[in-house]
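Per the working numbering, residue 3 is the first one in the sequence shown, and the count goes up by one each step. Using N, Cα and C, we set each Cβ at its ideal position, and we do this for glycine too. Structure first, commentary second.
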Amino acid sequence: MLVPAAVMAAIGLWGLDRGGMWRDEAVTFQVARRSVPQIWHLLHSVDAVHGLYYLLMHPVLAVRPDEVLLRLPSVCGAAVAAGLVGALGTRLCRPRVGLWAGLLYAVTPMVGHYAQEGRSYAMVAAGVMGATLLLVRAVRDGGRWWPYGVLVAVTCVLHEFAVLVLLAHACTLALARAPGKVWRGWAGAAGAVVVVLLPLVLVSHAQARQVAWLTAPDAETAGQLVEQFAGPSPGVLWPCLALVATAVWTPRGRRGVSLSAVALPLVLVPPAVLMEVSQIHPLYDDRYVLYALAGAPLLAAAGLDRVAGALGRVAGTSARLRPGGRGRPAPGTPLGAGTAAGGPGA
3 MLVPAAVMAA
13 IGLWGLDRGG
23 MWRDEAVTFQ
33 VARRSVPQIW
43 HLLHSVDAVH
53 GLYYLLMHPV
63 LAVRPDEVLL
73 RLPSVCGAAV
83 AAGLVGALGT
93 RLCRPRVGLW
103 AGLLYAVTPM
113 VGHYAQEGRS
123 YAMVAAGVMG
133 ATLLLVRAVR
143 DGGRWWPYGV
153 LVAVTCVLHE
163 FAVLVLLAHA
173 CTLALARAPG
183 KVWRGWAGAA
193 GAVVVVLLPL
203 VLVSHAQARQ
213 VAWLTAPDAE
223 TAGQLVEQFA
233 GPSPGVLWPC
243 LALVATAVWT
253 PRGRRGVSLS
263 AVALPLVLVP
273 PAVLMEVSQI
283 HPLYDDRYVL
293 YALAGAPLLA
303 AAGLDRVAGA
313 LGRVAGTSAR
323 LRPGGRGRPA
333 PGTPLGAGTA
343 AGGPGA
């Protein structure tokens, strides 16, 4: 969808030149300006998890090494992600749900923050949303699975914790009661992703000292993530959660991929799994699961659509029941008047 993408681009470009880089951005700036052999040599000892991102940023900063170009790919990634959120909402529900979801995603403060950061997280979010859209297309239309597998693999190499989206997608297929043929196609694509990612996992595991500063998440950490995903203040948070609950609270429907079956696992599974693993080996940081945030605006928009639909039905019923309304003749009106005025014989 173009409108959410344009809004996200405008938000991301606003104040992009803020006159300084923070630590991780400075690392990107320094590493990406090295030659490709130098970058490759560096990745053997540190930052292998960001290797593809550094290589992608190398030609970007070769154009002009400044902070605007450093952050511009993140702005583009965030804009693409917002557009894909809108497209997914449209595909799974209706156009207005897609529009609302894309706009909600674009104005979420956490998204705006990483849209202006010279790291890979906004681009990873775009890759995950594209892969999710390809998943829905493959399930609904019986499409090929290789585009899905390729995009997930590239996204995971861009940042390896994106692999947790495979668990979310497995939950989606389970909730949709997908047939065996779909499961086999997805499993083949997911298996290929794991094979591609395995060397990076082994190398990055040997470099685990880089994240030794991380601590095990607790209930407060989970609460902070909910606020980042759904709203920074009670006036935004609670209405958003109410809309999410409205979208989720629905009788078990027939077989098929619904919006809730896609968005709920996306927003819950990757953060929950990473937090659980981090109880043993701390790896959790909120930016590593930025891509999961998209599930929240999708659910909120679907809930808003249901509320709007219910209010519309109530208003329509009230209008028909009012004296002089179309559904009920006003007192004293002859029984044949309605037919004479607008019935079949009119």
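- Query: Which class does Ser122 belong to by DSSP, given the choice of helix, strand or coil?
  - Reply: coil
- Query: With 16 other CB atoms within 10 Å as the buried threshold, where does Ala348 fall?
  - Reply: Residue placement at Ala348 is flagged as unreliable, the pLDDT there being 37, under the threshold of 50; a coordinate-derived value is accordingly withheld.
- Query: In angstroms, rounded to a whole number, what distance separates the CA positions of Gly129 and Ala296?
  - Reply: 12 Å
- Message: If you reduce the DSSP assignment to three classes, tell me which class Asp220 lands in.
- Response: coil
- Look at Ala170 and Phe231 and say whether their C-beta atoms are less than 7 Å apart. no
- Message: Relative to the C-alpha of Asp287, which candidate in Tyr123, Leu200, Val309, Ala176 has its C-alpha closest?
- Response: Tyr123
- Item | Ala304 vs Cys173 beta-carbon contact at 7 Å | no
- Reference Val1, options Ser235, Ala164, Leu313, closest by Cα: Given that the chain is displayed from residue 3 to residue 348, the structure contains no residue 1 and the question cannot be resolved.
- Task: Kindly indicate the opening and closing residues of the alpha helix (DSSP H) around Thr248.
- Result: 236-250
- Out of Ser47, Leu168, Leu63, Trp102, which has the shortest C-alpha to C-alpha gap to Ala34? Leu63
- Message: So, does the stretch 73-81 touch the stretch 185-192, judging by three or more C-beta pairs under 8 Å?
- Response: no
- Task: Please list, in chain order, all residues of the same chain as Leu54 whose beta carbon is under 6 Å from its beta carbon, the five residues on each side excluded.
- Result: Val159, Leu160
- Message: Our contact map puts Leu153 next to Pro6 with C-beta atoms below 8 Å; I'd like the distance itself, whole angstroms only.
- Response: With 8 Å as the limit, Leu153 and Pro6 do not qualify as a contact, their Cβ atoms being about 20 Å apart.
- Beta carbon of Ala265 nearer than 7 Å to that of Leu301: yes
- Query: Taking the Cβ atom as the reference point for each residue, do Gly91 and Ala108 lie within a distance shorter than 7 Å?
  - Reply: no
- Query: Can Met10 and Ala81 be called in contact, C-beta distance under 7 Å?
  - Reply: yes
- Task: Using three-state DSSP, classify Val196 as helix, strand or coil.
- Result: helix
- Message: Just verifying my parser: in three-state terms, what is the DSSP assignment at Gln209?
- Response: coil
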